[in-house]
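Positions in the sequence shown are counted from 1; adding 1 to them yields this note's numbering.
The beta-carbon is built from N, C-alpha and C at its ideal position, and this holds for glycine as well.
On a predicted model such as this, the values are computed, not experimentally measured, just so you know.
Written out below as structure tokens is the structure these notes cover.
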Amino acid sequence: MARARRGRVRSPFEVSVAGVTFRSDYPSNVWALSAQLVMGPVPVTLVREPDNEFDNNAIKVVVRDEQVGYIPSSVSKQLAKEIDSGGRWHGVVDRVLMSPNNPEQPGIRIKVFEIEQLERQSC
């Protein structure tokens, strides 16, 4: 993930969602998400989880009130700081990833935006 000056996270950025395969409804939840993408963009909510037992910088990725995974720890360390200091971030599902070598284990890639930047661009 590229960083802007002063250590801030650059917006927008794309990232693969971590932990997708650990969800109890996997992979059917990802196939359903793939079908929803045909209808248009699918919004993503990013939810801080500071009490996560494995990573106090954890950020859940939620689609339609269902957690699909986490922002990878390599990204969440800096992004968590920005969210904790009042930064507002939003995402959309960019695509469902499928490997020809492992088509039964799809992944999810999202595009993440800083909401303030979106508001400035729309003015």
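Query, Result
"May I have a chain-ordered list of the beta strand (DSSP E) segments no shorter than 3 residues that lie completely inside the stretch 41-81?", "44-49, 60-64 and 67-71"
"State the Cα-Cα distance for the pair Trp90 and Leu47, rounded to the nearest angstrom.", "7 Å"
"Which residues in the same chain have their Cβ closer than 8 Å to the Cβ of Asp95, if we skip the five residues on either side of it in sequence?", "Glu15, Arg110, Ile111 and Lys112"
"Name the two residues that bound the continuous alpha helix (DSSP H) containing Ser29.", "Ser29 to Leu38"
"Check whether the Cβ atoms of Ala33 and Gly70 lie closer than 8 Å to each other.", "no"
"Suppose you measure from the CA of Val64 to the CA of Pro44; what does that come to, to the nearest Å?", "7 Å"
"Since Pro107 contacts Pro28 with CB under 8 Å, what's their CB separation in whole angstroms?", "6 Å"
"Please list, in chain order, all residues of the same chain as Leu38 whose beta carbon is under 8 Å from its beta carbon, the five residues on each side excluded.", "Val94, Arg96 and Val97"
"Could you round the C-beta distance between Gly88 and Glu115 to whole angstroms and report it? I think they count as a contact, below 8 Å.", "6 Å"
"Take Glu117 and list the residues in its own chain whose beta-carbon comes closer than 7 Å to its own, dropping the five residues that flank it on each side.", "Arg89"
"Could you check if Gly1 is buried or exposed, using at least 16 other CB atoms within 10 Å of its CB as the buried criterion?", "Only positions 2 to 124 of the chain appear in this structure, which leaves residue 1 out of reach."
"Rounding to the nearest angstrom, what Cα-Cα distance links Arg6 and Asn103 in this structure?", "Model confidence at Arg6 stands at a pLDDT of 42, short of 50, so the residue's coordinates are unreliable; what they give is reported in the following sentence. Answer to the nearest angstrom: the Cα atoms are 38 Å apart."
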